[in-house]
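J.: Sharing a structure, written as structure tokens. Questions coming.
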Amino acid sequence: MSTFFEFKDNTVDIFTSPSGNTFTEVWSYGGNDQLTGNSGSDYFHAGNGNDYLNGMAGDDVLDGGAGHDDIRGGSGDDLLFGDSGDDTLYGGTGNDLLRGGEGNDEYARIQLRSATLAYAA
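The opening position of the sequence shown corresponds to residue 918 in my numbering, with each subsequent residue numbered one higher.
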């Protein structure tokens, strides 16, 4: 099942067709967006604005566009793009690619297994 959302001029166009694969594709052309994915693969393309994108599970492609974005891949093999602006990109588990673009960006790729941390003063 494929689902496509397009945000343009405060309207939403939804297209659904059977394809054997599950993914969600969202295009937003501006504003401060909050987009959260599901267990399938997500394709989020946010336009200008300070956006929050969270792919959750699945192999996701998340593009924050221009603005100061918070982009989180979650589990799966994700591609995260910040574009211009001061972005924060969290890869999560899996093999991820993080590209901040122009601006002062922060990167975090966290894949923890069992570990013992010790601190000595």
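Yeah, the Cβ is synthetic: ideal placement off N, Cα and C, and Gly gets one too.
Have a look at TYR1024, LEU1014, GLY954 and flag the residue whose alpha-carbon is nearest the alpha-carbon of ASP1004.
T.: Taking the first residue of the sequence shown as 1, we reach residue 1004 at position 87. Ranking the options by Cα distance to ASP1004, first place goes to TYR1024.
J.: I'd like the span of the beta strand (DSSP E) that includes GLY987, first residue to last.
T.: What you label residue 987 is simply residue 70 of the sequence shown in a count that begins at 1. The residue you asked about is not Gly; residue 987 is Asp in the sequence shown. ASP987 -> beta strand (DSSP E) spans 987–989.
J.: Between the beta-carbon of GLY999 and the beta-carbon of GLY975, is there less than 9 Å?
T.: Walking along the sequence shown from the start, residue 999 turns up at place 82. Walking along the sequence shown from the start, residue 975 turns up at place 58. No.
J.: Among the residues of its own chain, which have a CB less than 7 Å from the CB of ASP987, if the five just before and after it don't count?
T.: Stepping through the sequence shown from its first residue, residue 987 is reached at position 70. Hits under 7 Å: TYR969, THR1005.
J.: Going by C-alpha distance, which of GLY990, HIS962, MET973 is nearest GLY984?
T.: The residue you call residue 984 lines up with position 67 of the sequence shown. Comparing Cα positions, the closest option is HIS962.
J.: Return the CA-CA distance between GLY1011 and ASN949, expressed in angstroms with no decimal places.
T.: Working through the sequence shown from its first residue, we reach residue 1011 at position 94. Working through the sequence shown from its first residue, we reach residue 949 at position 32. Their Cα atoms are separated by approximately 27 Å.
J.: For THR1042, count neighbouring C-beta atoms within 10 Å of its own C-beta (all shown protein chains included) and say buried if the count is 16 or more, exposed if not.
T.: Residue 1042 falls outside the range modelled here, since the chain spans only 918 to 1038, and no answer is possible.
J.: Tell whether a beta-carbon distance below 9 Å holds between ASP977 and ASP995.
T.: Locating residue 977 in the sequence shown gives position 60, counting from the first residue. Locating residue 995 in the sequence shown gives position 78, counting from the first residue. Cβ atoms of ASP977 and ASP995: closer than 9 Å.
J.: Tell me, please, which residues DSSP counts as bridged to ALA1025.
T.: Taking the first residue of the sequence shown as 1, we reach residue 1025 at position 108. In the DSSP output, where bridge partners are listed per residue, ALA1025 has TYR1007.
J.: Might you give, ordered along the chain, the residues of its own chain that have their beta carbon closer than 7 Å to the beta carbon of ASN965, omitting 5 neighbours on each side?
T.: Locating residue 965 in the sequence shown gives position 48, counting from the first residue. These residues qualify, in order along the chain: GLY947, GLY982, ALA983, GLY984.
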